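S.K.: Take any residue in the sequence shown, note its place counting from 1, add 38, and you have its number in the numbering used here. I have a structure here, written as structure tokens, and I will follow up with some questions on it.
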Amino acid sequence: MIVKAVKQILFFFFTFFICAKPQLIFSNATGTHYEIGRQLGLANKDRILDYMATTNVEDLLVWIQTGEGRDIYSGVFAASNARYPQYINELKGVSDGSGIAFDKILLLNLYEVNLAYKQRAIRPRGSDGTKGCTDIHVKREDLWLLGHNEDMSVEWPDRFCWMTNAQVNEGNSNYSFKAFTYPGTAPGIAFGWNSNRMILTINYLYPLNINPNGVSITFLCRDILSATSIEDVLTKIPPNRGSGVSMNVVSLNEKRSLNIEISSTAFSVYEVKTNFSHVNMYKVLDEQQQIKPTSPHRQARINQFNVPASAQDVLDILGDTEDSEYPIYRRYTELDNDSTVATVLFDLSTENVKIFVDNPKNSEPIYNEPIMDF
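This is the structure:
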């Protein structure tokens with residue numbers, strides 16, 4: 039009874055106080071990868087600390103000291119550092135800027151460690167970092183859209199998050215990007231776009247097969263934020279992957295939309311020619327996976343709609359709450375412990391992006407700008 043009462047109080051607070059004051063904070067950074075990380079850490083220290091207090095990082099710190107936890111942590115970190123030293127430097131910058139120990143920042147980013155920890159039936163004390171998400175593609179001669187709901191556990195309300203607005207200048211890397219960013223994590227694991235006219239949205243997946251010596255999916259997603267073309271995206275997929283993810287990728291220059299499903303052993307490329315949707319389960323690859331009830335519910339509800347004929351049709355789907363147990367637009371309940379913290383709509387025909395922090399079906403965007411406004 040006490041636990042239930044506490045949940046109800048948290049839900050009341052989340053709904054009426056946090057959701058009543060939607061906001062979208064921009065955090066600007068420029069320079070090398072380390073300098074960008076340090077600027078983000080310095081500007082967002084309190085948000086990172088507030089978020090970290092809700093997570094299971096302390097449990098993970100204990101787990102990685104023994105047995106399998108140590109093997110996965112050291113193996114995934116070594117592989118990630120070997121392939122992506124620049125993004126490890128970004129996290130070192132976040133650590134130095136925020137004053138938070140690097141191993142804690144790193145644990146927020148090694149998805150495979152968190153995934154393995156949960157699969158071993160070890161009950162975390164706080165947020166386990168699971169993410170939902172729903173994507174809707176529409177592509178035809180007169181209409182080209184990509185809509186995305188960003189879902190996260192209730193302990194991660196929108197007040198914790200920010201939009202990173204960064205200009206990278208290091209070696210041959212000279213580009214700008216904007217990305218919805220979770221506290222202490224590398225940009226790229228939610229949604230974002232870059233000055234190379236490339237767009238990325240992510241659906242987390244929960245494969246049972248983890249490669250303890252593979253690179254973390256987190257850094258792969260971060261790397262895609264630097265992509266210049268579809269070919270470049272495919273080249274960036276490493277052979278030694280730690281786990282899996284679904285990436286929705288758009289190239290404005292090439293007028294192409296793809297969904298790419300990735301596991302530790304395979305990946306698939308689906309080119310969107312008409313319409314396509316994706317939630318948090320494998321749709322193309324045949325992978326053993328954990329499927330939460332919300333994913334088949336959301337996909338089934340999406341399938342009941344007609345093919346979208348307008349931007350508002352896409353927003354109506356992403357804002358749908360018809361399924362009372364597991365709706366597409368999510369708010370914390372006893373059954374579904376996630377909430378939609380942001381919705382983004384890319385109108386690829388007009389090259390415009392809108393971001394909503396309330397139900398997009400019947401609210402105004404809090405951000406409405408040209409995609410190439412850097």
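C-beta atoms are modelled at their ideal positions from N, C-alpha and C, and glycine is treated no differently. Keep in mind the model is a prediction, meaning the values are calculated, not measured.
1. Counting Cβ pairs closer than 8 angstroms, one from the stretch 129-146 and one from the stretch 340-350, do we hit at least three?
2. Quick one: what does DSSP say Thr239 is sitting in, helix, strand or coil?
3. Please give me, in chain order, every unbroken run of the beta strand (DSSP E) with length at least 3 that falls completely inside the stretch 199-270.
4. How far does the alpha helix (DSSP H) with Ile300 in it extend, from its first residue to its last?
5. With burial defined as no fewer than 16 other Cβ atoms inside 10 Å of the residue's Cβ, what is the status of Pro331: buried or exposed?
6. To the nearest whole angstrom, what separates the beta carbons of Pro250 and Val114, a pair I think is in contact under 8 angstroms?
7. Which residues mark the beginning and the end of the beta strand (DSSP E) in which Asp385 is found?
8. Measuring CB to CB, does Gly282 end up less than 7 angstroms from Pro225?
9. In whole angstroms, what is the alpha-carbon distance linking Gln157 and Gln205?
10. Can you tell me which residues form a DSSP beta bridge with Phe343?
11. Would Ile329 be called buried (16 or more neighbouring beta carbons within 10 Å of its own) or exposed?
12. Taking all protein chains shown into account, decide if Leu373 is buried (16 or more other Cβ within 10 angstroms of its Cβ) or exposed.
13. Within the same chain, show all residues whose beta-carbon is closer than 6 angstroms to that of Thr381, passing over the 5 residues directly before and after it, in chain order.
14. Pick out whichever of Asn66, Ser387, Asn406 and Ile63 has its Cα sitting closest to the Cα of Arg235.
15. Mind checking which residues open and close the alpha helix (DSSP H) that includes Leu144?
16. In this structure, what does DSSP give as the bridge partners for Asp411?
17. Report the three-state DSSP secondary structure of Asp189 (helix, strand or coil).
18. In or out: Asp189 buried (at least 16 other Cβ within 10 Å) or exposed?
19. Which residue marks the beginning of the alpha helix (DSSP H) containing Asp134, and which one marks its end?
20. On a CA-only basis, which of Ser267, Ile298, Leu144 and Val310 is nearest Lys177? Give me that one, please.
21. Taking the CB atoms as reference points, tell me whether Ile86 and Gly222 lie closer together than 7 angstroms.
22. Can Asn203 and Lys216 be called in contact, C-beta distance under 7 angstroms?
23. What first and last residue would you give for the alpha helix (DSSP H) that runs through Met90?
24. Which one of Leu184, Leu62, Asn119 and Ser301 has the shortest CA to CA distance from Asp351?
25. Going by the beta-carbon positions, is the gap between His71 and Asn127 smaller than 7 angstroms?
26. Considering only residues of the same chain and omitting the five flanking positions on each side of Val317, which have a CB-CB separation below 6 angstroms?
27. My assumption, with CB atoms under 8 angstroms, is that Val287 sits in contact with Ile298. Please give the rounded CB distance.
28. How many Å lie between Leu296 and Asn212 at the Cα?
29. What three-state label does DSSP hand Thr445 in the structure shown?
30. Quick one, which of Phe305, Trp200, Gly252 and Gln103 has its alpha-carbon nearest Asn278's?
31. Using DSSP's beta-bridge definition, name the partner residues of Phe394.
32. Identify every residue that forms a DSSP beta bridge with Leu78.
33. What's the call for Ala304, buried or exposed, on a 16-neighbour Cβ count within 10 Å?
M.R.: With the structure as the only source:
1. no
2. strand
3. 200-208, 211-219, 229-232 and 236-242
4. Premise fails: Ile300 lies in the beta strand (DSSP E), Arg294 to Ile300, not in any alpha helix (DSSP H).
5. exposed
6. 7 angstroms
7. Asp376 to Asp385
8. no
9. 38 angstroms
10. In the DSSP output, where bridge partners are listed per residue, Phe343 has none listed.
11. exposed
12. exposed
13. Asn187, Leu356, Phe394 and Pro398
14. Ser387
15. Phe140 to Asn147
16. According to DSSP, which records beta bridges pairwise, Asp411 is partnered with nothing at all.
17. strand
18. buried
19. Pro123 to Ser136
20. Val310
21. yes
22. yes
23. Lys83 to Met90
24. Leu184
25. yes
26. Thr172, Ser333, Arg336 and Gln337
27. 6 angstroms
28. 25 angstroms
29. Here the chain comprises residues numbered 39 to 412, so residue 445 is not present and cannot be evaluated.
30. Gly252
31. Thr381
32. In the DSSP output, where bridge partners are listed per residue, Leu78 has none listed.
33. exposed
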